[in-house]
Structure formats: structure tokens, C-alpha cells
Amino acid sequence: MIYTEKVMEHFKNPHNQGSIPDADAVGQEGNPVCGDVMKVYLKIKNDVIADIKFETLGCAAAIAVSSAMTDMAKGKTLDEVMKMTKDDIVNDLGGLPVQKVHCSMLGVDALHQAIKKYRTGK
Ligand code: FES
0 MIYTEKVMEH FKNPHNQGSI PDADAVGQEG NPVCGDVMKV YLKIKNDVIA
50 DIKFETLGCA AAIAVSSAMT DMAKGKTLDE VMKMTKDDIV NDLGGLPVQK
100 VHCSMLGVDA LHQAIKKYRT GK
């Protein structure tokens, strides 16, 4: 399987990996295709993502997607982040092998879920 250089960089040195114990919102999503899981933690200030961390139990693609996603989301408003799609992340990574595209769904789904929970106060 051929990954882009950027995917390998994120996989080997993931950005923003870990948890935020006093997070303002947490989202978790599982991948029905493979059973892998991703959890995202957010600190939110004035409707902006002030800090973001992730924990992913998944393949190299899922970890690279999670890492790239946190880079893209940090510093953005909640509205901007709600417009992010899995394609934005895949494009940022320079593409994923076709059989790995399903791995890109975990990241944005967990992120959007965290924001929805934050907005509804859950
Ligand atoms: Fe499960 Fe990639 S194989 S997320």
C-alpha cells in the first residue's frame, strides 16, 4: 500500500495526540468497517477551537487523518469546523489509497459530534 509522504509524516509523528482532562467537549466515533475508534477532545474559547487533542485506536491512515484534522481545526471557529469534510482532510494529506478512504470518516465525524454536544450542552 502506498501512502503519501505527508501521511507517513503524520503517522510517525502525530500532532496533538493525547487527551484534555478538562475538555469542554468530547466526541467519539467508531468505524463500522473495521471497528477502529477515534476520540477527540476540545477546549473552546469564544466559539474558537483553542486546543484539540485526539486518541485513535486505528490504522496508519486513521492516525494520519486524526493528526491532520487537529492541525486544520485548531484556531478555527466552530462554524468553520462544522463545514470541514473528510475530503478536505484527504486532500490536505495528498490523497489516501482507495481501500483506506473509509478511515478518513472517523476524524470529522468525531469532531462534529463533539461540537454538536457542546452546542446542545450535553
Ligand atoms: Fe480502521 Fe483504517 S482500517 S480506520
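So in numbering that gives the first Met the number 0 the end of the sequence shown lands on 121, straight run, no missing numbers.
Even glycine gets a Cβ: it sits at the ideal position worked out from N, Cα and C.
| Asked | Found |
| --- | --- |
| Once DSSP output is grouped into helix, strand and coil, what is the label at D50? | strand |
| Which of the three DSSP states is assigned to Y2 in this structure? | coil |
| When you compare only the Cα positions, how much space is there between N15 and T55? | 11 Å |
| Please state whether DSSP places G106 in a helix, a strand or coil. | helix |
| Under 6 Å from any heavy atom of the ligand FES, does the C-beta of A109 make it? | no |
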